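Residue numbers (my numbering): 287 to 1143.
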């Protein structure tokens, strides 16, 4: 018989658990008690909410919870259910678990739309099966899933880049070389020429390449008639055309960030409610191991209000599985760490390595060149080959989620480098706005996800070897460690105790005992539980305020998207009024700036004078909060010149403070040994008898430590190293560290020094009055005929310079003692006070270097 009989729909179940009991092919008895608690909470308080979030620790079975919610609504209401995962590998994993363990029909949708099977497409559209796919399959310009009723977002904490990239034009320096340099030319009038030269240069090793610039919104508005046609033409036949098509008519609602490796154009918050397949769903359920309490989920998803279900009772203290943390750098010099890591991997077998960049991944590819290695692409679709390889090493760059390795799949995880910023906007927030606090939730979430890749169930266990001072600081320093779940705090405290003051052999023996997981380990297990019971998870500073403003931030983004500047101005000012406290100073400054920009645009569109005067005040307030941003300071001064507020600003000091923080972060000065090693190296390079090259290098590094842009050139006509502050105040040197102190300064040397001013002027187009030249020398007199050339050349005796450098290092050592990472406005305030009180602000330093001249010797 060809006709099929319609099967009677079983739609009278009252609960997902009742429905699940009828699945006789399932391989588990039923949901665990905590899973049932979450499902009941959902039914009782969130069944009809449009946006719902639930939190369950990694490995506690949130996949089953999500599938049961989706299957219940599919069966009882005929809903089209779409379950989203970060990666293809997780799509396949969810579908395999759904069918084999839970007897739930879940169909995978991976690859391009033409590869989707007809039966799978029909099953989703008719509500006969749950569709499981990736975030990218929904968030694109032409998704197959145009009309889901229920969207379940698994690992929602990891969705930011997957969602935001739909509205993000990322112009890569290498992949889109012509577009990158062409757009850089268009934007060059808004960036200091010295920085533009670095962006254009092929010298990738320059530490200043990490600097992120943002194009002011007013300038961006003025340039849009140039930017838009350029990108329309340049993106026509490449993948950039898709995100550009979504934002090209909303460039006014986006921000442009410029870095050495890429240029990013994106809105502050992804406008997901303009994407109809997402916006028109009846319900969206967000599942995560760490939802956060500062509104980060709303910022990530572009949703104003998400109803959060409480975490199941008991899980606020207990976790899943067991991790044994090892911090080898607490005991061993860095030179021995790589060797120990290799021995760890030899002992444990299959190993997972997580790093923040491809460059760092290359280090581990070399370290494990004698073993079979895998990258993210090779294990994303299937991890089988990795699991089958007894000594395989999976090395993943900038991937802290989406790879699950349970039980014997992998017992050793190596993590190097803090996963602190995933895109240029985050980097700008952290490094230029002193607003890392806004990213605390995100960083904490990435860390939790990273350390949990190899512990996926209640009885699972894995060792986690942490490398890198910036990462260790987050896990060891109590103020940051206290932000984590008590179970993780207990593991971290125990790991630090079991890593300090040990030999490499001791650490190897500890790992061996942990992997054996026998009687010797049980005592440590008891210690971890004791630490856990003594720990409390604390909120981070400003968490409450950030949660209270997020709905207004999202509302602001949609108002800006629609060009409603008057509403934007009101919302942004309301946000500013709610962001009190020093810890939120940088973020408050951003919103003062956004409010000022909205008022300025409202004035131009509506012609109302009150908006113009309000914009003036807001630009000044923004500049006070963010004094290091030169373009913002300029805007403030243009808006209202000669105000008391502007008079208080020292653009050179603020620029140097920002660079000091960046240097401390880049060199991991939160670790005292790192600082002391660099300080000794500087002082050694200045000692009598050292080579001229060593003296030059130390002079450069002193300038960098004080926050100057310290530079040198190999050109024959170039001066010795020079220091620049804020791209406009320069001290250029002539270093004569090895001349005979008994001889006077010669005519040749004096002429050399005097010529440096012209060279710097030609290179940087600086005003002559902004350039000072100094000679550092052991000589105590000058040849009579040299006075003519050296009348305006500063004189700094080498002994006095060395003594002054010792003072600089003393001050920086004190500042180092309170440095815990970038983006802390309170620490920047301390730097400002210390530099001023010790006469180490850039204007005073240059005045000190040149107050005595060779001509007056």
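The beta carbon of each residue, even a glycine, is placed where N, CA and C say it ideally should be. Just so we're clear, the structure is a prediction, and the values are computed from it rather than from any experiment.
Which residues in the same chain have their Cβ closer than 6 Å to the Cβ of residue i, if we skip the five residues on either side of it in sequence?
i	result
residue 1130	none
residue 580	727, 829, 832, 833
residue 229	Look at the range of the chain in this structure, 287 to 1143, and you will see that residue 229 is not part of it.
residue 452	425
residue 505	476
residue 530	455, 517, 521
residue 662	682, 685
Measure the beta-carbon distance from residue i to residue j and round it to whole angstroms, keeping in mind my assumption that it falls under 8 Å.
i	j	result
residue 699	residue 728	At roughly 20 Å, the Cβ-Cβ gap does not stay under 8 Å, so residue 699 and residue 728 are not in contact.
residue 587	residue 445	7 Å
residue 672	residue 636	7 Å
residue 981	residue 972	6 Å
residue 367	residue 436	5 Å
residue 450	residue 556	5 Å
residue 913	residue 907	12 Å between Cβ atoms; not a contact.
residue 847	residue 865	Contact doesn't hold; Cβ gap of about 22 Å is too wide.
residue 355	residue 302	6 Å
residue 750	residue 838	Not confirmed; about 39 Å, so no contact.
residue 247	residue 730	Nothing about residue 247 can be read from this structure; the chain reaches only from 287 to 1143.
Measure the Cβ-Cβ separation of residue i and residue j and say whether it is below 8 Å.
i	j	result
residue 1020	residue 1003	no
residue 1064	residue 1111	no
residue 747	residue 607	yes
residue 780	residue 810	yes
residue 338	residue 569	yes
residue 323	residue 598	yes
residue 826	residue 753	no
residue 589	residue 560	no
residue 942	residue 994	yes
residue 372	residue 563	no
residue 859	residue 817	no
residue 1146	residue 1105	Lying outside 287 to 1143, the shown extent of the chain, residue 1146 is not represented and no answer is given.
residue 575	residue 341	yes
residue 665	residue 571	no
residue 402	residue 395	yes
residue 851	residue 819	no
residue 801	residue 760	no
residue 947	residue 1116	no
residue 604	residue 773	yes
residue 540	residue 551	yes
residue 667	residue 375	yes
residue 585	residue 546	no
Identify, in the order they occur along the chain, each residue of the same chain with its Cβ nearer than 8 Å to the Cβ of residue i, setting aside the five sequence neighbours on each side.
i	result
residue 1138	1080, 1081, 1082
residue 307	316
residue 1120	1097, 1100, 1101, 1126
residue 1135	1017, 1058, 1060, 1080, 1082
residue 743	345, 606, 607, 692, 693
residue 335	569, 593
residue 965	1095, 1098, 1099
Please list, in chain order, all residues of the same chain as residue i whose beta carbon is under 7 Å from its beta carbon, the five residues on each side excluded.
i	result
residue 798	633
residue 582	727, 728
residue 1143	1067, 1068, 1081
residue 889	897, 898, 901
residue 960	755, 953, 954
residue 298	none
residue 940	913, 914
residue 1032	1069, 1072
Based on DSSP bridge pairs, tell me the residues matched to residue i.
i	result
residue 641	683
residue 1080	1060, 1139
residue 749	610, 698
residue 548	458
residue 570	337, 437
residue 417	368, 393
residue 659	679
Measuring only between beta-carbons, confirm whether residue i sits less than 8 Å from chain D.
i	result
residue 525	As a matter of chain content, chain D is missing from the structure shown, which is built from one protein chain.
Problem set entry | Within the segment 982 to 1019, ranges of the beta strand (DSSP E) (whole runs, at least 3 residues) | 995 to 997, 1008 to 1011
Exercise. What residue ranges within the segment 894 to 966 form continuous beta strand (DSSP E) runs of no fewer than 3 residues, ordered along the chain?
Worked result: none
Problem set entry | Any alpha helix (DSSP H) of 4 or more consecutive residues that is wholly inside the segment 823 to 871 | 829 to 847, 851 to 864
Exercise. Could you give the uninterrupted runs of the alpha helix (DSSP H) lying entirely in the segment 342 to 404, keeping only those of 4 residues or more?
Worked result: 348 to 363, 374 to 386
Problem set entry | Sequence ranges, beta strand (DSSP E) only - wholly within the segment 1070 to 1117, length at least 3 | 1079 to 1083
Exercise. What are the complete alpha helix (DSSP H) segments, minimum 4 residues, inside the segment 739 to 816?
Worked result: 755 to 762, 764 to 767, 772 to 783, 790 to 802
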